[in-house]
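A.B. asks: For the sequence shown, this note's numbering assigns the number 631 to the last residue and increments by one with no breaks.
C-beta: ideal position from N, C-alpha, C; glycine also.
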Amino acid sequence: MSSQIAGVLQLTVLIAALGLAYRPLGDYMAKVYSSEKHYKPEKWIYKAIGANPAAEMRWPAYLRGVLAFSAVSVLFLYLLQRVQGSLPGSLGFSSIDPDQAFNTAASFVANTNWQSYYGEQAMGHVVQTGGLAVQNFVSAAVGMAVAVALVRGFARSRSGELGNFWADLVRGTVRILLPISVVGAIVLVACGAIQNFSGIHQVGQFMGGTQEWNGGAVASQEAIKELGTNGGGYFNANSAHPFENPNPFSNLFEIFLILLIPFALTRTFGRMVGSLKQGYAILGTMAVIWVGFVALMMWTEFAHRGPAFEIAGGAMEGKETRFGIAGSSLFAVSTTLTSTGAVNSFHSSYTGFGGGLTMLGMQLGEIAPGGVGSGLYGMLIMAIIAVFIAGLMVGRTPEYLGKKIGTRQIKFAACYILITPALVLGFTAVAMALPTPGNSMTNTGAHGFSEILYAYTSGANNNGSAFAGLNADTQWFNTTIGIAMLLGRFLPMVFVLALAGSLAEQKPVPETAGTLRTDKPLYVGLLVGTILIITGLTYFPALALGPLAEGLAS
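1. Do Leu336 and Pro256 count as a contact pair if the criterion is CB distance below 8 angstroms?
2. Please determine, among Trp136, Asn213, Lys120 and Ala508, the residue with the shortest C-alpha to C-alpha distance to Pro130.
3. With Trp553 as the anchor, note down where its alpha helix (DSSP H) starts and where it stops.
4. Is it right to say Trp470 is buried, meaning 16 or more other beta carbons lie within 10 angstroms of its own, or is it exposed?
5. Pick helix, strand or coil for Glu238, following the three-state DSSP scheme.
6. Compute the beta-carbon to beta-carbon distance between Met439 and Val223, rounded to the nearest angstrom, for a pair I have assumed lies under 8 angstroms.
7. Can the beta-carbon of His424 be found less than 8 angstroms from the beta-carbon of Phe544?
8. Apart from the five residues on each side of it in sequence, which residues of its chain come closer than 6 angstroms, Cβ to Cβ, to Ile359?
9. Just mark Phe333 as buried or exposed, buried being the case when its beta carbon has 16 or more other beta carbons within 10 Å.
10. Spell out the partners DSSP gives Glu476 in its beta bridges.
11. Determine the DSSP secondary structure at Asn291, reduced to helix, strand or coil.
12. Spatial neighbours of Tyr493 within its chain, please: C-beta separation below 7 angstroms, excluding the five flanking residues on both sides.
13. DSSP state of Arg252, grouped into three classes?
14. Could you tell me the distance, in whole angstroms, from the CA atom of Thr505 to the CA atom of Leu152?
15. Using only CA atoms, which one of Trp191, Leu265, Lys302 and Lys584 lies nearest to Pro325?
16. Going by other Cβ atoms of all chains shown within 10 Å of its Cβ, with 16 needed for buried, is Glu113 buried or exposed?
17. Assuming contact is defined by CB atoms lying nearer than 8 angstroms, are Asp176 and Asn555 in contact in what I supplied?
18. Measure from the alpha carbon of Thr398 to the alpha carbon of each residue in Val586, Asn328, Thr474 and Ile560, then state which is nearest.
19. Go ahead and pull the three-state DSSP assignment for Met393.
20. With a CB to CB cut of under 7 angstroms and the five nearest residues on each side skipped, what residues in its chain are close to Leu622?
21. Please state whether DSSP places Leu168 in a helix, a strand or coil.
22. Just to confirm, are Leu500 and Ala532 a CB contact at a threshold of 8 angstroms?
23. Exposed or buried, Asn188, counting other C-beta atoms within 10 Å across all chains shown (16 or more means buried)?
24. How many Å lie between Asn539 and Gly308 at the Cα?
25. Going straight from the alpha carbon of Tyr311 to that of Phe242, what length do you get?
26. Three-state secondary structure (DSSP) at Leu453?
The structure is reproduced here in structure tokens:
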């Protein structure tokens, strides 16, 4: 069987598995966020934090809950790292330096999981399980809560109320993320991923020296790392490490976990707004972009140029032989089109165009299907932009799901789509202009520029993957990428929740003969075109200086 056919079979199996899970999981999540029942463990949590889960919140109160919880999480994780050297189970590792502790705390709370350190050489069991793994759950649940708040904005009228943040946070964690993660961890252990709290072991000689590995609760963290589109690895090699991703089956299963909730949330959206066809339209948009990126990535990485590529069967540099080009390409596209950031290969070693595709996937806003929650609300923002453009073309007030898209709504949407590009391009320009940041580049020319562009693209878009050539463990990059992660995560949420509140206050507009049908293939095509054009106009000059220049020169 050729590698290309194996790739097609993997893609087919993955799509079939996602299709089987789509309806039951999507309907289940809709019931979770619409239920008025509270389980006993949830009541204990509400009592402990002093929250009233039955109290409805308008968007300012909902936002205050998001920001307050996240601020406390950043502070807790920062302090936990700073005192690691005094904690039991630290495996002898010292406390983390202030700039790196800030970067890591911001990273995991922002659901970015960018790592500028070697996990197996820096973090002990307490920080890994009591700090990082916990944030893998709750940061993902925050994103899902904000997405559900926006959906309620479309579904409700004349109220301005978006639900209760604390109830959404707890339910998302307890009823959705935790049960699936338990099952996922068991599957990964069966595949060969490790799950223990052992110390550091000498495992033999390597190039004249002793090789050492430390154990850890890897399978359980790996499950929520992928399911919550987090991406932070227990080991520096991330999902290329055999303890995290042992074989081709576990590789395909991890991709399945990455895509599971983001795709299924479109069903939840359709169910909650009372129109499954609207959910299918959003799903279709996400699927078209995702499949298109997978096809392009496999084509550019399988393209044979020169004897070395022909012997290897394609561009095998930086890829695990366990997964090959197909498994690596599928993983790379899925992790950068979501906010996961996990890697099973080194994106810096991809072809020029292949590395550009990983960057472009993040620059689209990670909306195809995107992160848990963030992908859905990002796509709904783009849907509003597409409806507005269509309204300008036909000369009528745009509407979406029975709500008028007026000046206020389009301002919120415009601010949302401008924040991330401003952070990415601004920080990249400053880093390239200053003399010191450039010393962290391993390469020069177009590829060196791509290393810095990729780093800020990954940070501001809350992805967390790295181009694997940049030394980001410096005070400059730890600080600036940390700031980019926090602003890139929480500033967009401000406009999402403000938009949700303005929609929830509106009176529904009855559908007429002139209303644009947003559940038809024509609208899906318009939405795909809008996404690609907006991204192209924003990032094309920067991409032309980096991956496009490198690809054309090779």
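C.D. replies: By the coordinates alone:
1. For the purposes of this step, residue 256 is identified with residue 179 of the sequence shown, where counting begins at 1. For the purposes of this step, residue 336 is identified with residue 259 of the sequence shown, where counting begins at 1. Cβ atoms of Pro256 and Leu336: not closer than 8 angstroms.
2. Residue numbering aside, residue 130 sits at position 53 when the sequence shown is read from its first letter. It is Lys120 whose Cα lies nearest to the Cα of Pro130.
3. Position 476 of the sequence shown, counted from the start, is the residue given in the question as residue 553. First-last of the alpha helix (DSSP H) with Trp553: Gln552 to Ala581.
4. Working through the sequence shown from its first residue, we reach residue 470 at position 393. The amino acid at residue 470 is misidentified as Trp; the sequence shows Met. Exposed is the call here.
5. Position 161 of the sequence shown, counted from the start, is the residue given in the question as residue 238. Looking at Glu238 - three-state DSSP - the assignment turns out to be strand.
6. The sequence position of residue 439 within the sequence shown is 362, counting from 1. The sequence position of residue 223 within the sequence shown is 146, counting from 1. Between Val223 and Met439 the Cβ distance is about 19 angstroms, and since that is not below 8 angstroms, they are no contact.
7. As a working note, residue 424 is residue 347 in the sequence shown. As a working note, residue 544 is residue 467 in the sequence shown. Against a cut-off of 8 angstroms, the Cβ pair of Phe544 and His424 comes out as a contact.
8. Locating residue 359 in the sequence shown gives position 282, where the first residue counts as 1. Here the set comprises Thr343 and Met456.
9. Translated into the one-based positions of the sequence shown, residue 333 becomes position 256. Burial call: buried.
10. Stepping through the sequence shown from its first residue, residue 476 is reached at position 399. DSSP output for Glu476 lists Lys481 as bridge partner(s).
11. Numbered from its first residue, the sequence shown carries residue 291 at position 214. In the structure shown, Asn291 sits in a strand (DSSP, three-state: E or B).
12. Against the sequence shown, residue 493 aligns to sequence position 416. The residues are Ile458, Pro569, Phe572 and Val573.
13. Numbered from its first residue, the sequence shown carries residue 252 at position 175. Helix at Arg252.
14. For the purposes of this step, residue 505 is identified with residue 428 of the sequence shown, where counting begins at 1. For the purposes of this step, residue 152 is identified with residue 75 of the sequence shown, where counting begins at 1. Whole-angstrom Cα-Cα distance: 27 angstroms.
15. Residue 325 sits at position 248 when you count from the first residue of the sequence shown. When each option's Cα is compared against that of Pro325, the closest is Leu265.
16. By one-based count along the sequence shown, residue 113 stands at place 36. Exposed.
17. Your numbering for residue 176 matches position 99 in the sequence shown. Your numbering for residue 555 matches position 478 in the sequence shown. Contact flag set, yes.
18. Indexing the sequence shown from 1 puts residue 398 at position 321. Nearest option by C-alpha distance: Asn328.
19. What you label residue 393 is simply residue 316 of the sequence shown in a count that begins at 1. Residue state, collapsed to three classes: coil.
20. Indexing the sequence shown from 1 puts residue 622 at position 545. Here the set comprises Ala523 and Phe526.
21. Residue mapping note: residue 168 aligns to position 91 of the sequence shown, counting from 1. It is coil, neither helix nor strand.
22. As a working mapping, residue 500 is identified with position 423 in the sequence shown. As a working mapping, residue 532 is identified with position 455 in the sequence shown. No, Cβ-Cβ distance for Leu500 and Ala532 is not below 8 angstroms.
23. As a working note, residue 188 is residue 111 in the sequence shown. Result: buried.
24. As a working note, residue 539 is residue 462 in the sequence shown. As a working note, residue 308 is residue 231 in the sequence shown. Near 10 angstroms, if we compare the C-alpha coordinates of Gly308 and Asn539.
25. The count along the sequence shown starts at 1 and reaches residue 311 at position 234. The count along the sequence shown starts at 1 and reaches residue 242 at position 165. So the alpha carbons of these two residues sit roughly 30 angstroms apart.
26. The residue given as residue 453 occupies position 376 in the sequence shown. If DSSP states are grouped into helix, strand and coil, Leu453 belongs with the helices.
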